[in-house]
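All remarks here apply to the structure that follows.
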Amino acid sequence: MRINWRFFMCGIAGVVDIDFTVNVDMLKQILKQVEHRGRPGTLAEIDLFSGFGTCLGTNRLPIVYPGANRQPAVSSSENIALVMNAQIFNFEELCIKYNLDWLIKLKSGDTHFLVEFIEKYGVDFVLQEINWEGAFIYLDMESNEIVFVRDHLGIKPLYYTIVDGKLLLSSEIKGFKNITCEEIFTVLPGTINRYSLDKRKIISKKWWNLNASSNNDNLMDILISAVEIRVPQEPYAVLLSGGLDSSIILSLAKKVHDNITAYTLCTDESPDLPYARKLCNELNIPLVEVNADSSDVLRNKIPKIVEIVETWEWQVINHSAPMDVLFKKIREDGHKVILTGEGADELFFGYEDFNILDANKKEKERERRILDLHRTNCRRLDRMSMAYGLECRVPFLDRRLVSFSLNYFYNDCVSETRNKIPLRDIGELLLPEGFSDRKKLSLSKGAGYNYGKNQNMKNVFGANDEFTSEMRNKNLEKLARFPIEKYLIDIVAENGYFKAKYLLEACI
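My numbering puts the first residue of the sequence shown at 33, with every later residue one more than the last.
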């Protein structure tokens, strides 16, 4: 039986001073800005490493065994200290494989496993072995360097800046909100970054690249495993639209652990709701129907949503805002872990936009969308869920599944009548009749928000002409592609998020 003592996603921070002075107050200031990532009962677990000028800390979100897996975790030799906003899904198996099973007996958890595994084998080897989502930071007192790492697609965030010779790290841009800095940098997905305390510079390299896998597995086996390792032992939730992707996840998750509740966002006109009800009835899974906010309510929430999600691109905000009431309800019901069907459309050409591209551009567009997930779907899911102290897990973005999906080309996935053919074939095996051929709907449209080319509403907030006032930040006006983005850009500027210069370019 799989042991489950994981300690789930949180907010992490680090302060490294080249003058080797310890900056506890600055660390606490960063953690305070991201304390929502550790609710309930935020714990700023701070340890100091004298002589190295380094502070590492975390606001931890404990799920079970709250007294264990404390962070920062220090290796048994006391050479490495580590904090992580991550989940290592295969750490028990690796403990046994690499003679670290004493950690299982101590119920030490995946944080202490990671610090011992890194010390024993080195981070380059470790990253090829662990199946994980997240980011982590550690101080290597033997090599005199800080190392910070992000997962393959940036499912979880990490940022850094340099102020007066100090290297500062934070899970979110807002961690630096009250700190005077010139520029904030994103830690790129799939990279290892080393900051030498002697040379005082950062060296970054890729530990993962987007390439097709060459193994002989099949899609169903990988998908089953990706879901299985992400299902917790305690009660959990699944975001269910009634569409193909989330329905597959719900069906597979039920086979692993049936202490499950499905949540669907809906209005009276929701096209998804009848399908969600039918599937949950067939699987004997309780369904919670969450009433979607009206456009008027969502419009008033815009400043809050932009502050949470840290972007101005309307497509991201448009699909983030309706999730606010959904995640609020899930948190109120006591859940801490959520599974979602995000990522399938990027992997298997699920968007209609793919169809209008020239044949020689379709594969490149898929790669671009996958590599931009850290700025789109993953950003939306992480920020909106962590605003309520919830952890979202994304089985379709399992590293094995992402690599395996690249073995399917456009013509393997799309015909004249169907798209996402490999997943629809799986759906035919798992789901009731009529589910596997449902047309793609976004969460917002599936919930019943009517907007688009032939509608008066151009987004979930209302008509575009409601956002035509002049921008306060004229120098940023060229970024706005739609009237609503003028308003969103002003809010981003007011929050100081444009210190992250990559936000000066759109990705959608």
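Glycine included, each C-beta is placed from N, C-alpha and C at the ideal position.
Residues of the same chain with a CB within less than 6 Å of the CB of ALA105, apart from the 5 flanking positions on each side, are LEU114, THR143, HIS144, VAL147 in chain order.
Per DSSP, TRP164 lies in no alpha helix (DSSP H) segment; the continuous beta strand (DSSP E) that holds it begins and ends at 164 to 172. Taking 7 Å as the cut-off, the Cβ atoms of LEU371 and VAL270 count as close. The segment 460 to 471 makes contact with the segment 309 to 319, as at least three CB pairs between them are under 8 Å. In this structure, DSSP gives GLY43 an extended state, which the three-state scheme calls strand. Of ILE150, MET355, LYS60, the smallest CA-CA separation from LYS477 is found for MET355. In the same chain as ARG262, and ignoring 5 residues on each side of it, the C-beta atoms closer than 7 Å to its own belong to PHE121, LEU371, ARG425, PRO427, in chain order. Between LYS237 and GLY222, the gap from beta carbon to beta carbon reaches 7 Å or more.
Under the 10 Å beta carbon count, ASN225 is surrounded by 16 or more other beta carbons and is classified as buried.
Between SER327 and PHE180 the beta-carbon gap is near 41 Å, outside 8 Å, which marks them as no contact. By the neighbour-count criterion, in which 16 or more other beta carbons inside 10 Å mark a residue as buried, ARG400 falls on the exposed side.
Going by C-alpha positions, GLY166 is about 19 Å away from ILE216. Judged by DSSP secondary structure, ILE178 falls within the beta strand (DSSP E) whose first and last residues are 177 to 182.
Relative to the Cα of ILE254, the nearest Cα in the group PRO267, ILE281, PRO264 belongs to ILE281. Linking VAL195 to LYS129 through their CA atoms gives a straight-line distance of about 43 Å. Residue state for ASP133 is assigned as coil, using DSSP reduced to three classes.
Taken through DSSP and simplified to helix, strand or coil, CYS127 comes out as helix.
In the three-state reduction of the DSSP assignment, GLN61 falls in the helix class, which pools H, G and I.
Bounds of any alpha helix (DSSP H) do not take in CYS424; it lies within the beta strand (DSSP E) bounded by 423 to 425. For ALA113, DSSP records a beta bridge to VAL106, LEU171. For the 7 Å CB-CB criterion, LYS518 and ALA525 do not form a contact. In this structure, the straight-line span from the alpha carbon of ARG411 to that of ALA45 is close to 18 Å.
Going by DSSP, SER279 is part of the alpha helix (DSSP H) stretching over 276 to 288.
Secondary structure at LEU251: helix, using DSSP grouped into helix, strand and coil.
For ARG400, the uninterrupted alpha helix (DSSP H) segment begins and ends at 394 to 403.
It is roughly 32 Å from the alpha-carbon of GLY141 to the alpha-carbon of LEU319.
As DSSP reads the structure, ALA376 sits in no beta bridge. Sequence-distant partners of ILE162 (beyond 5 residues in either direction) whose C-beta falls short of 6 Å from its own C-beta, in its chain, are ILE120. Taken through DSSP and simplified to helix, strand or coil, VAL219 comes out as coil. Here VAL263 is not bridged, per DSSP, to any residue.
The three-state reading of DSSP puts ASN439 in coil, since its state is none of H, G, I, E or B.
Judged by beta-carbon spacing, ARG470 lies within the 7 Å limit of GLY275, meaning their Cβ atoms are closer than that value.
Secondary structure of VAL56 (DSSP, three-state): helix.
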